[in-house]
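In my numbering, the protein residues as written are 871 to 1176.
The C-beta atom is built at its ideal place from N, Cα and C for all residues, glycine as well.
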């Protein structure tokens, strides 16, 4: 139970070089994997057709895949949807078939199944969603940096934005490595990770600023270490409880929420790590000093200090 005490004395700053090496390795590895394999983009981004099919009895996923493959749709993605009697089929863009022809062909191929809903997403809509998604991430990162810089100090603002970029990059790298589908729901999870991570970072920064004013003799490393230790119990308990809920969602939320819960699990773990090691360490590397966070000294009417 040592980690849950408020008087822990872990030397986080003493491990900052090792943490920096670790962060560089996982970020570079994630970028390489993204460049080589890329993301498995869902229909939200690529365009295509999503079909819901219901069965009177339980659906046999492997048998359904065989039926679709024989009908000329070997690339179809089939997954449970809602219950064991409902499935969701995702197909890429079918240029040679209109929506009615596609529905008829799917209905004929699936023995015992009934098409209940079919939804078509055009490629242009997918491109628009990709653009808007990237724009949403960029705007959120810039807005966060501006907020932290104005509330605390420019070095903190830059450190926070690096820590925030660090988190989604690693999360996207995991998705590229595993081949999990990246769709709008997963994008929402990535944006949630950014908000979650900056919340932890601001808690640490706020305590650092407070301790700079209270601890007159401590060095910058001492103050950041003490601040991180003082907020450690709050950070671990908040992250731990959230992680428990998301883990339950991962195992019992079904395939539809699998990507969302996976992104949050990775994001919570890596976000907690970056709030403790990356944000504070980078501020030190950028030359953070006591004077940067101390309020300006007051002077009397003649300009002399009191």
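List the whole-angstrom C-beta distance separating residue i from residue j, where the pair is believed to meet the contact cut-off of C-beta under 8 Å.
i, j, result
"residue 882", "residue 1095", "6 Å"
"residue 1081", "residue 1097", "5 Å"
"residue 979", "residue 937", "5 Å"
"residue 1060", "residue 1140", "Not really, about 12 Å apart at Cβ, beyond 8 Å."
"residue 1014", "residue 1031", "7 Å"
"residue 1120", "residue 1135", "6 Å"
By the DSSP assignment, the beta strand (DSSP E) with residue i in it spans what residues?
i, result
"residue 951", "947 to 951"
"residue 919", "918 to 925"
"residue 880", "First-last for residue 880: undefined, no H or E at that position."
"residue 1080", "Run containing residue 1080: none in the beta strand (DSSP E); it sits in the alpha helix (DSSP H), 1054 to 1084."
"residue 985", "983 to 991"
Measure the CB-CB distance between residue i and residue j and report whether it falls below 8 Å.
i, j, result
"residue 1052", "residue 911", "yes"
"residue 1038", "residue 1008", "no"
"residue 1071", "residue 1006", "no"
"residue 1011", "residue 1034", "yes"
"residue 917", "residue 991", "yes"
Please return the same chain residues whose Cβ sits closer than 7 Å to the Cβ of residue i, not counting the five positions on each side in sequence.
i, result
"residue 1109", "1138, 1142"
"residue 890", "1151"
"residue 1093", "1078, 1081, 1082, 1085"
"residue 1174", "Since pLDDT at residue 1174 reaches only 49, below the 50 mark, its modelled position is unreliable, and the value read off the structure follows with that caveat. Closer than 7 Å at the Cβ level, and outside the excluded window around residue 1174, lies no residue."
If distances are taken between C-alpha atoms only, which option among the options comes closest to residue i?
i, options, result
"residue 1153", "922, 940, 1078", "1078"
"residue 1045", "1128, 1023, 1010", "1128"
"residue 1065", "1145, 1091, 954, 1099", "1145"
"residue 998", "925, 1102, 914", "914"
"residue 896", "1058, 1130, 1036, 1087", "1036"
"residue 927", "981, 1054, 1073", "981"
Counting only the same chain and skipping the five closest in sequence on each side, list residues whose C-beta sits under 8 Å from that of residue i.
i, result
"residue 950", "929, 931, 956, 957, 958, 1124, 1125"
"residue 969", "919, 988, 990"
"residue 945", "961, 962"
For residue i, I'd like the list of residues in its chain whose CB is within less than 6 Å of its CB, leaving aside the five on either flank, ordered along the chain.
i, result
"residue 947", "960"
"residue 875", "With a pLDDT of 47 at residue 875, under the threshold of 50, the modelled position of that residue is not reliable, and no figure is offered here."
Let's see if you can read the secondary structure: which residues bound the alpha helix (DSSP H) around residue i?
i, result
"residue 1027", "1024 to 1048"
"residue 963", "Where residue 963 is concerned, there is no enclosing alpha helix (DSSP H), given that its DSSP letter is neither H nor E."
"residue 1147", "Note, residue 1147: premise wrong, no alpha helix (DSSP H); not H, not E."
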